[in-house]
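S.K.: Structure incoming, see below.
2 protein chains.
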Amino acid sequence: MGTKISGKQQSILSFIRDFLEQHQFPPTIRDIQYGCKISSTSVVDYNLRILQREGYLRRFADVSRGIELLGENQVTGARRDVVSVPVFGVIAAGQPLSIPPSDTWHTEEIDHVDLPSFLTEGKDGVFAVRVKGESMIDALIGDGDLVIMEPTNNPQTGDMVAAWLSDTEEVTLKHFYMTSGMVRLQPANATMDPIIVPADKVSVQGRVVGVVRSM
Amino acid sequence: MGTKISGKQQSILSFIRDFLEQHQFPPTIRDIQYGCKISSTSVVDYNLRILQREGYLRRFADVSRGIELLGENQVTGARRDVVSVPVFGVIAAGQPLSIPPSDTWHTEEIDHVDLPSFLTEGKDGVFAVRVKGESMIDALIGDGDLVIMEPTNNPQTGDMVAAWLSDTEEVTLKHFYMTSGMVRLQPANATMDPIIVPADKVSVQGRVVGVVRSM
DNA sequence: GTATGTTCCGAACATTTGTATCATAACCAG
DNA sequence: CTGGTTATGATACAAATGTTCGGAACATAC
Chain A
0 MGTKISGKQQ
10 SILSFIRDFL
20 EQHQFPPTIR
30 DIQYGCKISS
40 TSVVDYNLRI
50 LQREGYLRRF
60 ADVSRGIELL
70 GENQVTGARR
80 DVVSVPVFGV
90 IAAGQPLSIP
100 PSDTWHTEEI
110 DHVDLPSFLT
120 EGKDGVFAVR
130 VKGESMIDAL
140 IGDGDLVIME
150 PTNNPQTGDM
160 VAAWLSDTEE
170 VTLKHFYMTS
180 GMVRLQPANA
190 TMDPIIVPAD
200 KVSVQGRVVG
210 VVRSM
Chain B
0 MGTKISGKQQ
10 SILSFIRDFL
20 EQHQFPPTIR
30 DIQYGCKISS
40 TSVVDYNLRI
50 LQREGYLRRF
60 ADVSRGIELL
70 GENQVTGARR
80 DVVSVPVFGV
90 IAAGQPLSIP
100 PSDTWHTEEI
110 DHVDLPSFLT
120 EGKDGVFAVR
130 VKGESMIDAL
140 IGDGDLVIME
150 PTNNPQTGDM
160 VAAWLSDTEE
170 VTLKHFYMTS
180 GMVRLQPANA
190 TMDPIIVPAD
200 KVSVQGRVVG
210 VVRSM
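The listed protein sequences derive, respectively, from chains A and B. Position one of the first sequence corresponds to residue 0 (numbering that gives the first Met the number 0), numbered consecutively onward. Position one of the second sequence corresponds to residue 0 (numbering that gives the first Met the number 0), numbered consecutively onward.
See the structure below:
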């Protein structure tokens, strides 16, 4: 930001921020006028133009309340870095994880948790599962951890996936490698042996994109 | 919420949510009209009244874009389930972790990350440290993980703490037990041996309250 | 069928609200 | 002081936008 801004501009900026906190929409020019005890709408407009030129905010012409705070000033911005994802019951070694159809995700029955957006960036349909038991310690995942997953049917080589093994009837979290009809599931802990099974005995239920542990 | 809402109302609601995501202000009646392919503004108004009556949103009479989403639907707003915490460099086995004074936390030099509030609930002065290296795998913590900590000098028995061992000059994350002048540091992995050292050779730098892993 | 309530339509209306204009004051360098 | 830019004021205008209203279309119950 090139220049420093005047006291009046500072006051306008923080008024907009406060207004945005209280209501859920930006103020009008006149809201700012009264809020900052400015004598005329044109003065507000004048200063808003400067604030825009200096990169503090963005305006939309002819749009009522068309003010968007930028960068540091963003009030909703911090909250915008958050994504609410549904939590589907528990995942344990001995039971498949059932994923409800996505149109039911927003009912009250399903618990949600807010996650920082860097966990879900670029992913789609992300959901979370609570881990029960110690069966996934080899993936550095313990009892009570929240595993963040992205649904997928064709994982990339090396991805950590939640895989259902139809032979042993269990879910496991391992790194995925596909080689000529066979699937190798490699524990994150290198000292442990991989599982190698025919591709048709494995169904991948999702790709692990993150883990959250709370103590 | 008492009644179920119609498909059109559902569509209006999610349009508002999407609009709020993209811009930083709610849509006008006509925005909704075109966005949801509704034939008249009065129909939008009609359905908005219902949505308000059912508690999905709140409207401000005669105020342009005077729509506020409520509860579940809230995109931006008085939502406080997120906390922004500072991230202090890296923590590695071989180096002490230096915690800057708290009055410098909000400068731009320091990286921040938004965390779901359930991780920091009831805690004070929470900060995060990025883990480098595999030295903490016995605590189910891997390379690149983000460890969330609460500063403390007198940890409770059983807490997982970040401890600096002055003898070996290293930081380690272990469960803390104090017995008559001696401190026992117990790895989370039960098969590994605890470290037992005199209390004056240990300085506890913080209590681990959570872990976040992103892949 | 009739009756009744809900949902929708189109258009007109009234207010809100951004923008433009012009004049004046304040400031600053020369 | 004098010319320039910058900041302020008051007001008017036009576009954006919420609201209203009579009636049509549709469903549901009697």
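Glycine included, each C-beta is placed from N, C-alpha and C at the ideal position.
So that I know if they touch, is there some Cβ in chain A lying closer than 8 Å to that of S213(B)?
M.R.: For the purposes of this step, residue 213(B) is identified with residue 214 of the second sequence, where counting begins at 1. With 8 Å as the cut-off, S213(B) counts as an interface residue toward chain A.
S.K.: Quick one: what's got a C-beta closer than 6 Å to F59(B)'s C-beta in the same chain, skipping five residues either side?
M.R.: Within the second sequence, numbered from 1, the residue matching residue 59(B) stands at position 60. The answer, listed in chain order, is G65.
S.K.: Do the segment 179-187 of chain A and the segment 205-214 of chain A make contact, defined as three or more Cβ pairs closer than 8 Å?
M.R.: Taking 8 Å as the limit for Cβ pairs, the verdict is that the segment 205-214 of chain A does not touch the segment 179-187 of chain A.
S.K.: How big is the Cα-Cα spacing for E120(B) and S213(A)?
M.R.: Residue mapping note: residue 120(B) aligns to position 121 of the second sequence, counting from 1. Residue mapping note: residue 213(A) aligns to position 214 of the first sequence, counting from 1. Cα to Cα, E120(B) sits roughly 10 Å from S213(A).
S.K.: Where does G141(A) land, buried or exposed, given buried means 16+ other C-beta within 10 angstroms?
M.R.: The residue given as residue 141(A) occupies position 142 in the first sequence. Per the 10 Å Cβ criterion, buried.
S.K.: Could you check if N46(B) is buried or exposed, using at least 16 other CB atoms within 10 Å of its CB as the buried criterion?
M.R.: Within the second sequence, the letter at position 47 stands for residue 46(B). The residue in question, N46(B), is buried, as its Cβ has 16 or more Cβ neighbours within 10 Å.
S.K.: Contact check, A138(B) vs V203(B) under 8 Å by CB: the rounded distance?
M.R.: The residue you call residue 138(B) lines up with position 139 of the second sequence. The residue you call residue 203(B) lines up with position 204 of the second sequence. No, A138(B) and V203(B) are not in contact; Cβ-Cβ is about 15 Å, not under 8 Å.
S.K.: Residues of chain A with a CB under 8 Å from the CB of I15(B): which are they?
M.R.: Here the question's residue 15(B) lines up with position 16 in the second sequence. None at all; the shortest Cβ gap to chain A is about 10 Å.
S.K.: Spatial neighbours of E264(A) within its chain, please: CB distance less than 8 Å, with the 5 preceding and 5 following residues excluded, ordered by chain position.
M.R.: Residue 264(A) cannot be examined here, being either before or after the span of chain A that is shown, 0 to 214.
S.K.: Looking at C-alpha atoms only, which residue of D166(A), L172(A), V170(A) is the closest neighbour of V196(A)?
M.R.: Residue 196(A) sits at position 197 when you count from the first residue of the first sequence. Ranking D166(A), L172(A), V170(A) by Cα distance to V196(A) puts D166(A) first.
S.K.: What number of angstroms, rounded off, separates the C-alpha of F117(A) from the C-alpha of G180(B)?
M.R.: In the first sequence, counting from the first residue as 1, residue 117(A) sits at position 118. In the second sequence, counting from the first residue as 1, residue 180(B) sits at position 181. Taking the straight line from one Cα to the other gives about 43 Å.
S.K.: Tell me whether K7(A) sits in a helix, a strand or coil according to DSSP, three-state version.
M.R.: Residue 7(A) sits at position 8 when you count from the first residue of the first sequence. DSSP places K7(A) in helix when its eight states are reduced to three.
S.K.: Which residue's Cα is closest to the Cα of I37(A): L19(A), R16(A), G6(A)?
M.R.: Here residue 37(A) is taken as the residue at index 38 of the first sequence, counted from 1. Among L19(A), R16(A), G6(A), the Cα nearest to that of I37(A) belongs to G6(A).
S.K.: How is L118(B) classed by DSSP in three states: helix, strand or coil?
M.R.: Along the second sequence, one-based indexing puts residue 118(B) at 119. If DSSP states are grouped into helix, strand and coil, L118(B) belongs with the helices.
S.K.: Could you pull out every residue in the same chain whose Cβ sits closer than 6 Å to the Cβ of M135(B), ignoring the five residues on either side in sequence?
M.R.: Taking the first residue of the second sequence as 1, we reach residue 135(B) at position 136. Result list for M135(B): L172, in chain order.
S.K.: When the Cα atoms are used, what is the spatial distance from R16(B) to Q23(B)?
M.R.: As a position in the second sequence, residue 16(B) is number 17, starting the count at 1. As a position in the second sequence, residue 23(B) is number 24, starting the count at 1. Near 11 Å, if we compare the C-alpha coordinates of Q23(B) and R16(B).
S.K.: Closest to V201(B) by CA distance: which of S39(B), Y33(B), M177(B), D192(B) is it?
M.R.: Looking up residue 201(B) in the second sequence gives position 202. The residue with the shortest Cα to Cα distance from V201(B) is M177(B).
S.K.: I want to verify the contact list: residues of chain A whose CB lies under 7 Å from the CB of M159(B), in sequence order.
M.R.: For this step, residue 159(B) is matched to residue 160 along the second sequence. Near M159(B) (Cβ distances below 7 Å), the residues of chain A are M214.
S.K.: Nearest to C35(B) by alpha carbon, out of L50(B), K122(B), S10(B), S83(B)?
M.R.: Counting from one through the second sequence, the residue named residue 35(B) turns up at place 36. The candidate whose alpha carbon is nearest that of C35(B) is S10(B).
S.K.: Using a C-beta to C-beta distance shorter than 9 Å, which residues of chain A count as neighbours of R183(B)?
M.R.: Position 184 of the second sequence, counting from 1, holds the residue named residue 183(B). Here the premise fails: no neighbours, minimum Cβ distance about 19 Å.
S.K.: Which residues in the same chain as S83(B) place their Cβ atom closer than 6 Å to its Cβ, once the five residues preceding and following it in sequence are excluded?
M.R.: If you number the second sequence from 1, residue 83(B) lands on position 84. H111, D113.
S.K.: Please report the distance separating the alpha-carbon of V43(B) from that of Q32(B).
M.R.: As a working note, residue 43(B) is residue 44 in the second sequence. As a working note, residue 32(B) is residue 33 in the second sequence. Rounded to whole angstroms, V43(B) to Q32(B) spans 6 Å at the Cα level.
S.K.: Give the interface partners of G123(B) over in chain A, defined as CB-CB distance under 9 Å, in chain order.
M.R.: Residue numbering aside, residue 123(B) sits at position 124 when the second sequence is read from its first letter. Contrary to the premise, residue 123(B) reads as Asp rather than Gly in this sequence. Within chain A, no residue comes near D123(B); the closest Cβ sits about 15 Å away, beyond 9 Å.
S.K.: Counting contacts by CB-CB distance shorter than 8 Å, is P100(A) in contact with chain B?
M.R.: Residue 100(A) sits at position 101 when you count from the first residue of the first sequence. Note that P100(A) scores 45 on pLDDT, short of 50, meaning its location in the model is unreliable and no value can be drawn from it.
S.K.: Looking at Q8(A) and L69(A), is the spacing between their C-beta atoms short of 8 Å?
M.R.: Against the first sequence, residue 69(A) aligns to sequence position 70. Against the first sequence, residue 8(A) aligns to sequence position 9. No. Outside cutoff.
S.K.: Which residue wins for smallest C-alpha separation from L198(A), given the options M191(A), L164(A), H174(A), K131(A)?
M.R.: Position 199 of the first sequence, counted from the start, is the residue given in the question as residue 198(A). Just to set this straight, residue 198(A) is Ala in the shown sequence, not Leu. Out of M191(A), L164(A), H174(A), K131(A), L164(A) has the C-alpha closest to the C-alpha of A198(A).
S.K.: Can you look up Y33(A) in the DSSP assignment and give me helix, strand or coil?
M.R.: Taking the first residue of the first sequence as 1, we reach residue 33(A) at position 34. Reduced to three states, the DSSP call for Y33(A) is helix.
S.K.: Taking DSSP as the reference, what is the three-state secondary structure of T178(B)?
M.R.: Here residue 178(B) corresponds to residue number 179 of the second sequence, with the count starting at 1. Note: T178(B) maps to strand in three-state DSSP.
S.K.: Between which residues of its own chain and D102(A) is the CB-CB distance below 8 Å, once the five residues before and five after are set aside?
M.R.: Counted from its first residue, the first sequence places residue 102(A) at position 103. The predicted model places D102(A) with a pLDDT of 43, which falls under 50 and marks its position as unreliable, so this point remains unresolved.
S.K.: According to DSSP, is E67(A) helix, strand or coil?
M.R.: Residue 67(A) sits at position 68 when you count from the first residue of the first sequence. Residue state, collapsed to three classes: strand.
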